[in-house]
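K.L.:
Just dropping this structure here.
Numbering (the UniProt record's numbering), first residue to last: 1 to 596.
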């Protein structure tokens with residue numbers, strides 16, 4: 001992307017001067033308009049993907065975003081200035097907004113006063129009122145998407161990447177992209193009745209976060225996990241504000257105020273100074289990620305938190321990219337649950353598949369227990385920038401890759417028995433080995449009892465920061481190879497079976513599990529638990545690495561089918577490896593072991 005810096009656009013009107021952020025499909029730049037001598041933000045699609053089959057679809061979605069943004073001209077909505085296509089690549093020009101996001105101001109421990117928080121929320125509420133009048137839902141209201149303009153008390157709403165048209169009360173299909181903690185339960189469903197009350201929930205949840213410096217409990221978990229009332233977290237807020245937040249965050253859409261204007265009427269009306277109020281600063285951290293949820297039941301492996309870029313800028317946001325924001329290191333996770341991979345036997349056994357997420361309130365008790373392990377947030381700290389441009393995070397993933405050319409042939413793949421959680425086959429020769437591992441007994445012991453997921457320490461770990469690519473390690477590599485690339489794991493388990501399990505957690509992205517032979521320190525089984533909104537090219541590239549560059553079209557198509565919820569699982573069998581791709585609650589599980 002650095003090669004685009006200095007690029008001139010529109011007959012020399014704009015020059016790209018600095019890259020502000022990028023993701024799997026999107027990249028944003030600070031740009032200078034030479035005739036006006038003004039600074040803008042230019043958002044575009046990653047030109048590296050021009051040869052990708054999905055690129056024309058991404059261009060159309062990019063155009064749709066520009067049209068939505070143009071419809072919504074308001075003092076508290078980032079303004080679109082220009083849109084054009086050069087060499088087949090679209091460019092969207094928007095105002096550059098110096099400042100910080102409210103997330104950077106508030107998190108991790110700088111809650112706003114009630115008066116100031118309400119002041120900001122009223123501005124965003126007025127912007128949303130216009131959005132709804134245009135027949136649109138924003139669908140991604142959160143502190144991260146609200147920029148506080150430097151030296152003012154004015155805020156600006158950004159990121160219309162997942163905004164969609166709606167007809168009040170009509171059941172419609174929308175992409176199920178959500179921001180954990182801010183999205184209402186109906187947004188997790190592919191088909192549901194849509195109304196402004198969806199954005200009311202997110203706006204109320206944003207107010208909750210501003211006055212508590214905490215992300216609310218995810219709506220999908222609130223039937224089994226109590227959400228503390230905001231006044232319990234911050235006793236300084238008024239009962240009226242407490243009640244208004246709870247009304248706006250009612251679980252059932254019918255129980256919320258029907259419009260933003262109706263909900264704002266419940267807010268207290270404190271008087272605040274109109275002078276600059278952005279002197280309060282906080283470490284910039286991304287406390288919630290925009291994610292896509294597959295229509296299935298909650299899973300056994302929790303997602304976590306993503307990070308924000310040090311310099312915020314809009315990045316292309318399309319449902320097709322299915323991704324999140326650019327990285328910022330130094331996460332400081334809260335106490336959460338981590339995955340508990342079950343290392344049982346050298347013989348693969350079958351896993352259970354997830355239920356379709358068609359009725360969250362009626363999830364089976366097993367699914368309810370599984371979702372209880374879901375991680376929904378960690379806070380991170382980083383030095384905030386002096387100037388902040390608007391960012392569109394729906395497609396700017398913390399993980400970015402270079403596209404790979406895959407084999408065109410489509411071999412016949414036999415259907416092996418479905419493997420079960422973390423089961424291991426006996427080891428075989430591998431060219432990467434320096435010594436031979438001892439033979440692992442092939443008899444299958446009784447499956448171990450389910451291990452309670454541990455809690456992560458409330459401090460940064462070597463795997464708390466976001467990563468820019470998901471490495472794929474095939475069975476047979478040495479443990480040192482993995483450690484050299486990823487650092488020390490978040491957790492190591494030994495169960496007396498001769499196997500050692502290392503777990504790496506990259507919040508809201510992927511959990512990587514590596515199972516080693518304790519005598520040889522060689523990788524016996526490699527596993528990945530991807531969040532379903534993960535950019536498909538990232539998942540595909542990681543799987544190709546796990547298969548030692550042996551990804552076939554059939555396996556790739558199976559991965560896509562499972563990711564889209566079109567199939568519960570897909571077997572993997574190559575000349576060297578066996579494995580499975582399957583739905584694991586709200587994660588996509590990939591497990592690879594050596595062919596028996």
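Note that beta-carbon positions come from the ideal geometry of N, C-alpha and C, so glycine has one too.
Apart from the five residues just before and just after residue 526, which ones in its own chain have a Cβ nearer than 7 Å to its Cβ?
P.N.:
Counting from one through the chain shown, the residue named residue 526 turns up at place 526. Cβ neighbours of residue 526 beyond the five flanking positions: 473, 474, 475, 514, 546 and 592.
K.L.:
Could you give the DSSP three-state label for residue 141: helix, strand or coil?
P.N.:
Indexing the chain shown from 1 puts residue 141 at position 141. The answer is coil: DSSP assigns residue 141 none of H, G, I, E or B.
K.L.:
Rounded to a whole number of angstroms, what is the C-alpha to C-alpha distance between residue 533 and residue 162?
P.N.:
Position 533 of the chain shown, counted from the start, is the residue given in the question as residue 533. Position 162 of the chain shown, counted from the start, is the residue given in the question as residue 162. For residue 533 and residue 162, the distance between alpha carbons rounds to 13 Å.
K.L.:
Check each candidate in 207, 243 and 250 and name the one with the smallest Cα separation from residue 220.
P.N.:
Locating residue 220 in the chain shown gives position 220, counting from the first residue. Residue 220 has its Cα closest to that of 250, out of 207, 243 and 250.
K.L.:
Which residues bound the beta strand (DSSP E) around residue 530?
P.N.:
Looking up residue 530 in the chain shown gives position 530. Where residue 530 is concerned, the enclosing beta strand (DSSP E) stretches over 523-530.
K.L.:
Do residue 39 and residue 96 count as a contact pair if the criterion is CB distance below 8 Å?
P.N.:
By 1-based counting over the chain shown, the position of residue 96 is 96. By 1-based counting over the chain shown, the position of residue 39 is 39. The answer is yes: Cβ separation under 8 Å.
K.L.:
Taking the alpha helix (DSSP H) that residue 561 belongs to, which residues open and close that run?
P.N.:
Taking the first residue of the chain shown as 1, we reach residue 561 at position 561. From DSSP, the alpha helix (DSSP H) with residue 561 extends over 553-563.
K.L.:
By alpha-carbon positions, which one of 595, 240, 496 and 576 ends up nearest to residue 550?
P.N.:
By one-based count along the chain shown, residue 550 stands at place 550. Closest option to residue 550, Cα to Cα, is 576.
K.L.:
Comparing alpha-carbon positions, which option in 52, 56 and 486 lies nearest residue 502?
P.N.:
The count along the chain shown starts at 1 and reaches residue 502 at position 502. The residue with the shortest Cα to Cα distance from residue 502 is 486.
K.L.:
Does DSSP put residue 483 in a helix, in a strand, or in coil?
P.N.:
In the chain shown, the residue the question calls residue 483 occupies position 483. Helix.
K.L.:
Any idea what DSSP makes of residue 577, helix, strand or coil?
P.N.:
Residue 577 sits at position 577 when you count from the first residue of the chain shown. Three-state DSSP puts residue 577 in a strand.
K.L.:
Hey, would you say residue 248 sits closer than 8 Å to residue 216, going by beta carbons?
P.N.:
The residue given as residue 248 occupies position 248 in the chain shown. The residue given as residue 216 occupies position 216 in the chain shown. Contact: no.
K.L.:
Is there contact between the region 253-262 and the region 111-131, where contact requires at least three CB pairs shorter than 8 Å?
P.N.:
yes
K.L.:
Does at least one heavy atom of the ligand GTP sit under 7 Å from the Cβ of residue 532?
P.N.:
The ligand GTP is absent from the structure shown, which contains no ligand whatsoever.
K.L.:
I'd like the list of long-range same chain contacts for residue 33, defined as Cβ closer than 8 Å, with 5 residues on each side in sequence excluded.
P.N.:
Locating residue 33 in the chain shown gives position 33, where the first residue counts as 1. 13, 14, 39 and 40.
K.L.:
Within 10 Å of its beta-carbon, does residue 102 have 16 or more other beta-carbons around it, so buried, or fewer, so exposed?
P.N.:
Looking up residue 102 in the chain shown gives position 102. Label assigned to residue 102: buried.
K.L.:
Looking at the unbroken alpha helix (DSSP H) that takes in residue 126, where does it start and where does it end?
P.N.:
The residue labelled residue 126 in the question sits at position 126 within the chain shown. It spans 114-133 - the alpha helix (DSSP H) in which residue 126 sits, taken as one unbroken run.
K.L.:
Give me the Cβ distance between residue 531 and residue 587, rounded to the nearest whole Å; I'm assuming they're in contact under 8 Å.
P.N.:
Counting from 1 along the chain shown, the entry for residue 531 is found at position 531. Counting from 1 along the chain shown, the entry for residue 587 is found at position 587. About 6 Å; that satisfies the 8 Å criterion.
K.L.:
How about residue 194 and residue 137: do their beta carbons lie closer than 8 Å?
P.N.:
The count along the chain shown starts at 1 and reaches residue 194 at position 194. The count along the chain shown starts at 1 and reaches residue 137 at position 137. In this structure, residue 137 lies closer than 8 Å to residue 194 by Cβ.
K.L.:
Please state the DSSP three-state secondary structure of residue 540.
P.N.:
Within the chain shown, residue 540 is the residue found at index 540, counting from 1. DSSP places residue 540 in helix when its eight states are reduced to three.
K.L.:
Output the distance between the C-alpha atoms of residue 567 and residue 558, rounded to the nearest integer angstrom.
P.N.:
Taking the first residue of the chain shown as position 1, residue 567 is located at position 567. Taking the first residue of the chain shown as position 1, residue 558 is located at position 558. Computed Cα separation, rounded: 8 Å.
K.L.:
Which of the three DSSP states is assigned to residue 300 in this structure?
P.N.:
Within the chain shown, residue 300 is the residue found at index 300, counting from 1. For residue 300, the predicted model reports a pLDDT of 36, less than 50, meaning its position is unreliable; a value from the coordinates is still stated below. Note: residue 300 maps to coil in three-state DSSP.
K.L.:
Note down, in chain order, each residue of its chain lying with its Cβ closer than 6 Å to the Cβ of residue 192, except the 5 sequence neighbours on either side.
P.N.:
Counted from its first residue, the chain shown places residue 192 at position 192. Hits under 6 Å: 186.
K.L.:
DSSP has residue 80 in a bridge; who is on the other side?
P.N.:
The count along the chain shown starts at 1 and reaches residue 80 at position 80. Per DSSP, 94.
K.L.:
Measuring alpha carbon to alpha carbon, tell me which of 116, 570, 244 and 89 ends up nearest residue 231.
P.N.:
Start at 1 with the first residue of the chain shown, and residue 231 comes out as number 231. Of the listed residues, the one whose Cα sits closest to residue 231 is 244.
K.L.:
DSSP three-state label for residue 249, please.
P.N.:
Taking the first residue of the chain shown as position 1, residue 249 is located at position 249. Three-state DSSP puts residue 249 in coil, outside helix and strand.
K.L.:
Based on the DSSP secondary-structure assignment, which residues constitute the bridge partners of residue 620?
P.N.:
Examination of residue 620 is not possible in this model, given that the chain is present from 1 through 596 alone.
K.L.:
Just to confirm, is the Cβ distance from residue 211 to residue 117 under 8 Å?
P.N.:
Working through the chain shown from its first residue, we reach residue 211 at position 211. Working through the chain shown from its first residue, we reach residue 117 at position 117. In this structure, residue 117 lies closer than 8 Å to residue 211 by Cβ.
K.L.:
Less than 6 Å between C-beta atoms, sequence neighbours within five positions excluded: which residues of the same chain meet that for residue 71?
P.N.:
If you number the chain shown from 1, residue 71 lands on position 71. Around residue 71: 134.
K.L.:
Over the uninterrupted alpha helix (DSSP H) stretch that includes residue 186, give me the two end residues.
P.N.:
Sequence index remark: in the chain shown, residue 186 carries index 186 (1-based). Taken as a continuous stretch (DSSP letters only), residue 186 belongs to no alpha helix (DSSP H), as it is neither H nor E.
K.L.:
In three-state DSSP terms, what is residue 492?
P.N.:
As a working note, residue 492 is residue 492 in the chain shown. Reduced to three states, the DSSP call for residue 492 is strand.
K.L.:
What is the DSSP secondary structure of residue 227, counted as helix, strand or coil?
P.N.:
Counting from 1 along the chain shown, the entry for residue 227 is found at position 227. Residue 227: coil per DSSP, three-state reduction.
K.L.:
Looking only at its chain, what residues have a beta carbon closer than 7 Å to the beta carbon of residue 222, apart from the 5 residues adjacent to it on each side?
P.N.:
Stepping through the chain shown from its first residue, residue 222 is reached at position 222. Cβ within range, chain order: 251.
K.L.:
For residue 199, which residues of its own chain have a beta-carbon under 8 Å away from its beta-carbon, when the five flanking residues on both sides are left out?
P.N.:
Along the chain shown, one-based indexing puts residue 199 at 199. Within the same chain, residue 199 has close Cβ partners 128, 131, 132, 137, 138, 139, 141 and 260.
K.L.:
Keeping to the same chain, check which residues put their C-beta closer than 8 Å to that of residue 170; ignore five residues upstream and five downstream.
P.N.:
As a first step, residue 170 is located in the chain shown; it is residue number 170 there, counting from the start. So the qualifying residues of the chain are 193 and 194.
K.L.:
Where does residue 89 fall in DSSP's three states?
P.N.:
Residue mapping note: residue 89 aligns to position 89 of the chain shown, counting from 1. Three-state DSSP puts residue 89 in a strand.
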